[in-house]
Amino acid sequence: MRRATKHYGGITAIKDVTLDVKPGEFLTLLGPSGSGKTTTMMAVAGFTELSSGEIIIDETRVDQLPPNRRNIGVVFQHLALFPHMSAADNVAFPLRMRGVPNEQVRTRVRRVLELVELPTFGDRLPAQLSGGQQQRVAFARAVVFDPPVLLLDEPLGAMDRKLRESMQAELKRLQRQLGITTIMVTHDQEEALTISDRVAVMNNGEIEQIGAPEDLYENPATPFVADFVGDSNRFVGTARTVAGELCTILTSGAVECMGQVRHVRHAGTTAMVVRPERVLVASEVGDVANRFDGVVEDVTYAGGSIKYVIRISAADTLVARIRNVRHRPRLRVGDAIRVGWKPEDAIVFMPENSGGAHQN
Ligand SMILES: Nc1ncnc2c1ncn2[C@@H]1O[C@H](COP(=O)(O)OP(=O)(O)O)[C@@H](O)[C@H]1O
Ligand SMILES: [Mg+2]
212 MRRATKHYGG ITAIKDVTLD VKPGEFLTLL GPSGSGKTTT MMAVAGFTEL SSGEIIIDET
272 RVDQLPPNRR NIGVVFQHLA LFPHMSAADN VAFPLRMRGV PNEQVRTRVR RVLELVELPT
332 FGDRLPAQLS GGQQQRVAFA RAVVFDPPVL LLDEPLGAMD RKLRESMQAE LKRLQRQLGI
392 TTIMVTHDQE EALTISDRVA VMNNGEIEQI GAPEDLYENP ATPFVADFVG DSNRFVGTAR
452 TVAGELCTIL TSGAVECMGQ VRHVRHAGTT AMVVRPERVL VASEVGDVAN RFDGVVEDVT
512 YAGGSIKYVI RISAADTLVA RIRNVRHRPR LRVGDAIRVG WKPEDAIVFM PENSGGAHQN
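Here is the structure:
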């Protein structure tokens, strides 16, 4: 996709989006509702015409072609299975549309139903299938004609957590097996990280950052990405001193803390971000540069981990996620606790041209 823009009247749904998807890659568009994910997918599929920009598949420009000439497989939430057709007829549909001879249709439908592990379900109507089975039939229908590109818009959106997790693994397996270039949309950051080779984070119709899941989580390029991908503590403040890669900020609650500087193009105030699992408590704190006396304000038991909200100033609290291991004493609301984090585990986002900090 090259410099793709789509206006709906006065609304700009996507703005100057440039995106390269590699052959065989599983790329996910992740972003909050209204960030332009579906518009991007609809433009690639050909159901939406771009206001400007280009879409190229292999070496061919396709943005002027009708959807059926683009030869793309789609699983969209609003493109449900045909309710009056059996699973096998649903899967056969794209082949019949393409005038594939009957004999070949039967063979290919059988093969793809085996691929999605529903070889004996061909005769059932969609209503006689579970949600997960319907989704697998939809997937089979999308890949039966060997499209070079597969688009999935919130394909697991309507499923409960357990089913969703097993379908994620299934989807990944099928995609790998077919080697099909895939773009998926989700607003679920955990799903995006789990399933994708790369993730593009969208915000306000633009791609904020694109990278491997680990990249996004460990090196978010903007405060938005840090917030949206994973949980994070965020302190807003003013930059005091910058020394090499390290920067000290003073929070609104008069807490001084240090992290690694990242200059960002976006406007806004200086903010420090720390992941809850990087927060140290009690004896772990040792003599790390950022250490404070805090008070436990809230405790959430989440099974594998326990979340503590710890107040370190009148205006600053910190969430610590601590692995639930037997030897560790449990904290209670009101307990005084030492808390801290290493400067290298914190990112300070400093807007360019902010002028607030002086260089040492
Ligand atoms: N057909 C349409 N007419 C007018 N505005 C639209 C239309 N489709 C999408 N939009 C607007 O474009 C923006 C992006 O929408 P969309 O691509 O559906 O976001 P997402 O899929 O990330 O939730 C939103 O502000 C939405 O209201
Ligand atoms: Mg959408």
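With our numbering, the residue at position 310 of the sequence shown is 521, and numbering never jumps. Cβ coordinates follow ideal geometry from the N, Cα and C atoms, glycine included.
Ranked by Cα distance from F503, the options G479, V475, C468, G416 are led by C468. Judged by DSSP in its simplified three-state form, A256 adopts helix.
Of the other Cβ atoms in all chains shown, 16 or more fall within 10 Å of the Cβ of Q400; this residue is therefore buried.
Close to ligand 1, as judged by a C-beta nearer than 6 Å to any of its heavy atoms, are the residues Y219, I222, A224, G242, S244, G245, S246, G247, K248, T249, T250, in chain order. Each residue's CA atom was taken as its position, placing T216 and G416 some 9 Å apart. Proximity to A465 across A411, V492, V286, R522 peaks at R522, based on C-alpha coordinates. DSSP places K217 in the strand class (E or B) of the three-state scheme. For G220, the closest C-alpha among the options K233, L261, R213, T249 is that of L261. Exclusion of the five residues before and after D546 leaves V506, V507 as the residues of its chain whose Cβ lies within less than 8 Å of its Cβ. Cβ contact annotation for M370 (same chain, cutoff 6 Å, sequence separation greater than five): G342, in chain order.
Here T251 is near I225, since their CB atoms are less than 8 Å apart.
The three-state secondary structure of E314, taken from DSSP, is helix.
Sequence-distant partners of A403 (beyond 5 residues in either direction) whose C-beta falls short of 6 Å from its own C-beta, in its chain, are T239, L241, T397, V410.
Beta-bridge pairing by DSSP links D231 to no other residue. In this structure the segment 529-536 touches the segment 436-449; the number of beta carbon pairs closer than 8 Å is three or more.
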